[in-house]
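Engineer:
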Amino acid sequence: MKIISFEGIEGVGKSTQIKLLTKHFQSTGISYEQFREPGSSDAGEKIREILLDKSLQLSSSTELLLMFAARSELINQKINNSSAEFVILDRYFHASVAYQGYGRGINLDSIYQLIKITECPTPSLTIILDIDVETGFKRKVADTKDRIESAGDDFLRR
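With numbering that gives the first Met the number 0 applied, the sequence shown covers 0 to 157.
1) For I127 versus L63, is the C-beta spacing smaller than 7 Å?
2) Between I74 and C119, what straight-line distance do the alpha-carbon atoms span, to the nearest angstrom?
3) Quick check on this structure: which residue in R90, K45, Y111 has the alpha carbon closest to the alpha carbon of K13?
4) Less than 7 Å separating the beta-carbons of F136 and K1?
5) What is the residue span of the alpha helix (DSSP H) that R138 lies within?
6) T15 lies in the alpha helix (DSSP H); which residues open and close that run?
7) Give me whichever residues DSSP pairs with E32 in a beta bridge.
8) On the criterion of 16 or more Cβ atoms from any shown chain inside 10 Å, does L113 qualify as buried, or is it exposed?
9) I17 and F34: beta carbons closer than 7 Å?
10) Just to confirm my understanding: we take S82, look at its own chain, exclude 5 residues before and 5 after, and list those with CB closer than 8 Å. What are they?
11) Run the CB neighbour count on S40, radius 10 Å, all protein chains shown included, and call it buried at 16 or more, exposed below.
12) Taking a contact to mean a Cβ-Cβ separation below 7 Å, would you say L50 touches P37 in this structure?
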């Protein structure tokens with residue numbers, strides 16, 4: 000099984016590129032499973048609701064630990080049990096390095112330790128899509144911003 004992860008800020012086109020890839024896999028008979036972070040497991044979806052809830056003011060360390068709790072469930076329940084040729088991920092541990100590390104200022108060594116603790120499989124390919132923050136926000140409907148997206152332009156530039 001090979002893992003392909005897609006990274007980039009909201010509005011960059013991850014979902015569009017994933018749809019194109021999965022359409023290609025379907026047309027050529029390549030087996031795949033597609034997952035999103037956080038989420039894609041029962042516990043992961045509940046954690047996702049907490050993480051994206053604008054009414055909550057979570058500390059940076061709480062946000063990081065919740066992300067890795069959801070990720071651990073995804074790995075243990077879905078990725079490690081996949082019999083597909085490819086696993087396609089809409090975000091993965093690189094997002095924690097970007098958002099919680101550079102965005103929230105959490106020590107990168109702490110994040111790398113959590114990557115080891117949760118035994119995150121290394122992707123065969125990570126596709127990083129880039130766009131300027133303003134264009135990304137224009138593509139995203141303003142009232143659908145979640146708690147992390149609402150952190151502002153400066154946060155996303157980090």
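Beta carbons: idealized from backbone N, C-alpha and C, even for Gly.
Structural biologist: Result, derived from the coordinates:
1) Counting from one through the sequence shown, the residue named residue 127 turns up at place 128. Counting from one through the sequence shown, the residue named residue 63 turns up at place 64. Going by C-beta atoms, I127 is not nearer than 7 Å to L63.
2) Your numbering for residue 74 matches position 75 in the sequence shown. Your numbering for residue 119 matches position 120 in the sequence shown. So the two alpha carbons sit approximately 7 Å from each other.
3) Here residue 13 corresponds to residue number 14 of the sequence shown, with the count starting at 1. When only C-alpha atoms are compared, the closest one is R90.
4) In the sequence shown, residue 136 corresponds to position 137, counting from 1. In the sequence shown, residue 1 corresponds to position 2, counting from 1. No, Cβ-Cβ distance for F136 and K1 is not below 7 Å.
5) Against the sequence shown, residue 138 aligns to sequence position 139. First-last of the alpha helix (DSSP H) with R138: 132 to 138.
6) The sequence position of residue 15 within the sequence shown is 16, counting from 1. Where T15 is concerned, the enclosing alpha helix (DSSP H) stretches over 13 to 27.
7) By one-based count along the sequence shown, residue 32 stands at place 33. The partner list for E32 (beta bridge, DSSP) reads V86.
8) Counting from one through the sequence shown, the residue named residue 113 turns up at place 114. Looking at its Cβ environment, which holds 16 or more other Cβ atoms inside 10 Å, L113 is buried.
9) Translated into the one-based positions of the sequence shown, residue 17 becomes position 18. Translated into the one-based positions of the sequence shown, residue 34 becomes position 35. Not a contact, by the Cβ cut-off of 7 Å.
10) For the purposes of this step, residue 82 is taken as the residue at position 83 of the sequence shown. Around S82: M0, S30.
11) Taking the sequence shown and counting its residues from 1, one reaches residue 40 at position 41. A buried status is given to S40, since no fewer than 16 other beta-carbon atoms sit within 10 Å of its beta-carbon.
12) Counting from 1 along the sequence shown, the entry for residue 50 is found at position 51. Counting from 1 along the sequence shown, the entry for residue 37 is found at position 38. Yes, Cβ-Cβ distance for L50 and P37 is below 7 Å.
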